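**Student:** Counting in this note's numbering, the sequence shown runs from 568 upward without gaps.
Every residue, glycine too, gets a C-beta built ideally from N, C-alpha and C.
All of these numbers come straight from a predicted model, not from anything done at the bench.
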Amino acid sequence: MLDILLSSLGQVFTPSHLLYMLLGVSVGLVVGIIPGLGGIAGMSLLLPFLYGMDPSVALGMLMGLVAVIPTGDTFASVLLGIPGSSASQATVIDGFALAKRGQAARALSSAFLSSMIGGLIGAAVLTGFILIARPLVLAFSSSELFMLTLLGLSMVAVLSGRDLFKGLAACGLGLLVGGMGMAPATGEFRLNFGLDYLYDGLPLVVVGLGIFALPEIIDLLVQRGAIASEPCRLGEGWRQGFRDVRRERGLVARCAGFGSLIGTIPGLAGSVVDWMTYGHAVQSAKDKSEFGRGDIRGVIAPESANNACACGAMVPTLLFGVPGSGSAAVFLGGLLLLGLQPGIGMIETHLDLTYTIIWSLALANILGAGLCLGLAGPVASLTRVRFTILAPLITVLILFAAYQATRATGDLVALAAVGAIGVLFKKANWSRPAFLIGFVLAPGAETYFYQAVQFQGSAAFARPGVMIIGALILAVLFIPALKALWLKRRQARVNGDTADTEAAILAERARPVFGAVDVVLLAGLLGLAAFAWSDVAGLSLLGSVFPKLAIAIMAVGCLAETARYVLRRPQWQGQACREELIWLAGFCALIAAIIGLGFISTAAIFCLAFLVGIARLKPWTSAGMAVGVVVFLVGMAHFLTLTYPSGLLDPWLFS
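Written out as structure tokens, the structure is:
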């Protein structure tokens, strides 16, 4: 065993292996920096080059890409407020907030270092799992997987803070949107509103960009400033980020271990572990006041987990041929192209290649983190640029990334619709992470529930693993509330006579804030609940039970929040969003122009007009940037064999 391990290490350090690994790392960085592409698109780019390659060299190239994408996507998440991939959505919350405060370097350095450490821990865990994971993975039935999805949903309580009912309503809406399309148990179509595009539901890329990226772009356009409100001192920021990771080394280790374990479970990788570890960081923190406004722990926790999760996803892929994530599914196709059959043979016959994969993962994490740190200086300077200059380029990038989801014009329309929800949620302080958690977990929760009931009946929820996970869920839900109650009583005993005064102050601060957007959201969600209930009422029991549950959660959250407003004398807040709605209308007009005139032509005209008319750049500079956008779109169409919406102008100009 030891001799195979050492010989595999020697293979990793051969010139050919290092060269191709560096190629994979470079492609992974580029793919990671471009929002919305992610591991699936990057891996697909490399697959055509695998024919005829030596398996050990080809695996090094693939592992270089797999390891570095969760590191490279941090650039977009922190600097631009755009989730670089589904696994970096939680990073946006505090990472982008730090960038707007002039601390982009601090966020990036802590993210890259924690990503590297998480990847190394994940590679170490993968080494152990290769030998012991088979019985452990097989021990997880559908009932345990269903309970794990409920554990993810329980993080809504942690992430919603004092606005628990808003978070509950947002989570219910996410579950409802995630339940669109075909019911897994019966094949019935639900909530598609007669649109062919919705038969398969909404893509995660579209929902992630719409709920997070678009509202941030509109918010920055309203402010008309740079991304960072304060100058970013890079040298000072780097050292502070490293010190942050060293101070939070326990959080790094816990999140990396958690990411490795969850990554081994097919279907529960990516944004699931991202939000779970973010919720853990919030729950385990003594001072939670800065989360959502620029707490470095909100960057360290998910970034430690996502690289480890990518390593963990290799366990079921290699041992059972069951991909643990979307990129692992494409990697599985790469193994088959190389003539390697996943399964027990990867341990018995090709153990040397298995260890080559592990060593490559570890080394690629180090190389990727080093390259990201080297590039972070010039890339971080983007935060000092006026956002009106970057806005048209980022908008085109978001449209391109959203169109990658299913390559249908419906992706763009859905992006605008979800973006409108995101703008309203952001303005009224509704939990966007709660919505996204519900959306991400909905398909898996429904499928695992049906499978558990079908195969195991009532005994499904009496299994020891189910009870253990159920106890964890109860702990997540009730321990924070009990802890807060205990601290409040202890403070009252200590302060004696001043307790009543402090209680009055706290009660005043706890009064809910209520505004016009809250009214629109509550009325709209209750109306949607009534319409959705009538839509699924005629379906079979198995086909309608999950959307009815989502509708009930959403309605209960809205009604409870309404009751809270009635009973607690809320503080009225105007929540004016006239400018935001104007920009949103402009975005919808841009999508209409893309459908009518063509993607490339509209993107070029939009960039040129925006840069000259709003950003006030010189015409020649604006024209050069517009040409750069055209070159990028045409190049990506060539490499990805992508056909954009053609409209009236594109066939004439670019045929």
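#1: Output the distance between the C-alpha atoms of L742 and A984, rounded to the nearest integer angstrom.
#2: Ignoring anything shorter than 4 residues, give me the alpha helix (DSSP H) runs that lie fully in the stretch 985–1043, in order along the chain.
#3: Apart from the five residues on each side of it in sequence, which residues of its chain come closer than 8 Å, Cβ to Cβ, to W1219?
#4: Buried or exposed for F1045, going by 16 or more other Cβ atoms inside 10 Å?
#5: Taking the alpha helix (DSSP H) that F732 falls in, what are its first and last residues?
#6: Between which two residues does the beta strand (DSSP E) containing V1080 stretch?
#7: Excluding the 5 residues flanking T694 on each side, which residues of the same chain have their C-beta closer than 7 Å to its C-beta?
#8: Roughly how many whole angstroms lie between the Cα atoms of V645 and A1027?
#9: Of the choices D1102, F1022, F858 and G1163, whose alpha-carbon is the least far from that of L665?
#10: Measure the beta-carbon distance from F992 to F1002 and round it to whole angstroms, keeping in mind my assumption that it falls under 8 Å.
#11: Terminal residues of the continuous alpha helix (DSSP H) containing Q790?
#12: Among E1128, L758, L717 and Q971, whose alpha-carbon lies nearest the alpha-carbon of G1037?
#13: Considering only residues of the same chain and omitting the five flanking positions on each side of A875, which have a CB-CB separation below 6 Å?
#14: Ignore the nearest five residues each way along the sequence and tell me which others in L1073's own chain have a CB closer than 7 Å to its CB.
#15: What did DSSP end up calling F580 once you bin it into helix, strand or coil?
#16: DSSP on F858, reduced to helix/strand/coil?
#17: In terms of residues, what are the limits of the alpha helix (DSSP H) holding Q656?
#18: Give me, in chain order, the residues of the same chain whose beta-carbon lies closer than 8 Å to that of L613; leave out the 5 immediate sequence neighbours on both sides.
#19: Taking just the CA atoms, how far does L907 sit from A1119?
#20: Answer with buried or exposed for F663, where buried requires no fewer than 16 other C-beta atoms within 10 angstroms of its C-beta.
#21: From H1205 to G1195, what distance separates their C-alpha atoms?
#22: Within the continuous beta strand (DSSP E) that includes Q971, where are the two ends?
#23: Under a Cβ-count criterion, where at least 16 other Cβ atoms within 10 Å of its own Cβ denotes burial, should L740 be classed as buried or exposed?
#24: So, under 8 Å CB-CB, G989 and F779 are touching, yes? Tell me the CB distance rounded to an integer number of Å.
#25: Are at least three pairs of beta-carbons, each pair with one atom in the stretch 1126–1145 and one in the stretch 1102–1116, less than 8 Å apart?
#26: With contact counted as at least three CB pairs below 8 Å, one residue from each stretch, are the stretch 781–788 and the stretch 1150–1164 in contact?
#27: For M749, which three-state DSSP category applies?
#28: Does DSSP put Q850 in a helix, a strand or coil?
#29: Taking C-beta to C-beta, are G865 and D661 nearer than 8 Å?
#30: Go ahead and label A1042 buried or exposed: buried means 16 or more other beta carbons lie within 10 angstroms of its beta carbon, across all protein chains shown.
#31: Using a 10 Å radius around the Cβ and a threshold of 16 neighbouring Cβ atoms, would you call Q790 buried or exposed?
#32: Which partner residues does Q1138 have in the DSSP bridge list?
#33: Could you give the uninterrupted runs of the alpha helix (DSSP H) lying entirely in the stretch 1142–1190, keeping only those of 4 residues or more?
#34: What does F756 pair with, by DSSP beta-bridge criteria?
#35: Quick one, which of Q670, T1208 and T923 has its alpha-carbon nearest R860's?
#36: So A880 is in the alpha helix (DSSP H); what residue range does that whole segment cover?
**Tutor:** The short version:
#1: Straight across, the Cα-Cα distance linking L742 with A984 is about 16 Å.
#2: 999–1023
#3: none
#4: exposed
#5: L731 to G745
#6: V1080 to G1082
#7: I925
#8: 42 Å
#9: Nearest in C-alpha terms to L665, of all of D1102, F1022, F858 and G1163, is F858.
#10: Contact between F992 and F1002 holds: CB atoms are separated by about 7 Å, below the 8 Å threshold.
#11: L781 to Q790
#12: L717
#13: G685, I688, G689, A823, G826 and S827
#14: For L1073, the predicted model reports a pLDDT of 42, less than 50, meaning its position is unreliable and no value from the coordinates is stated.
#15: coil
#16: coil
#17: First-last of the alpha helix (DSSP H) with Q656: Q656 to K667.
#18: G591, V594, M628, L629, L632 and G901.
#19: The straight-line gap from Cα to Cα measures roughly 48 Å.
#20: Residue environment for F663: buried (at least 16 other C-beta atoms within 10 angstroms of its C-beta).
#21: 15 Å
#22: Where Q971 is concerned, there is no enclosing beta strand (DSSP E), given that its DSSP letter is neither H nor E.
#23: buried
#24: The pair is a contact, with the Cβ atoms about 7 Å apart (cut-off 8 Å).
#25: With a cut-off of 8 Å, the stretch 1102–1116 and the stretch 1126–1145 do not count as touching, because too few Cβ pairs lie within range.
#26: They touch, by the three-pair rule.
#27: Looking at M749 - three-state DSSP - the assignment turns out to be strand.
#28: helix
#29: yes
#30: exposed
#31: exposed
#32: As DSSP reads the structure, Q1138 sits in a beta bridge with V1080.
#33: 1145–1164 and 1166–1180
#34: Paired residue(s): M749.
#35: Checking every option, the nearest Cα to that of R860 belongs to Q670.
#36: No alpha helix (DSSP H) holds A880; DSSP gives it neither H nor E.
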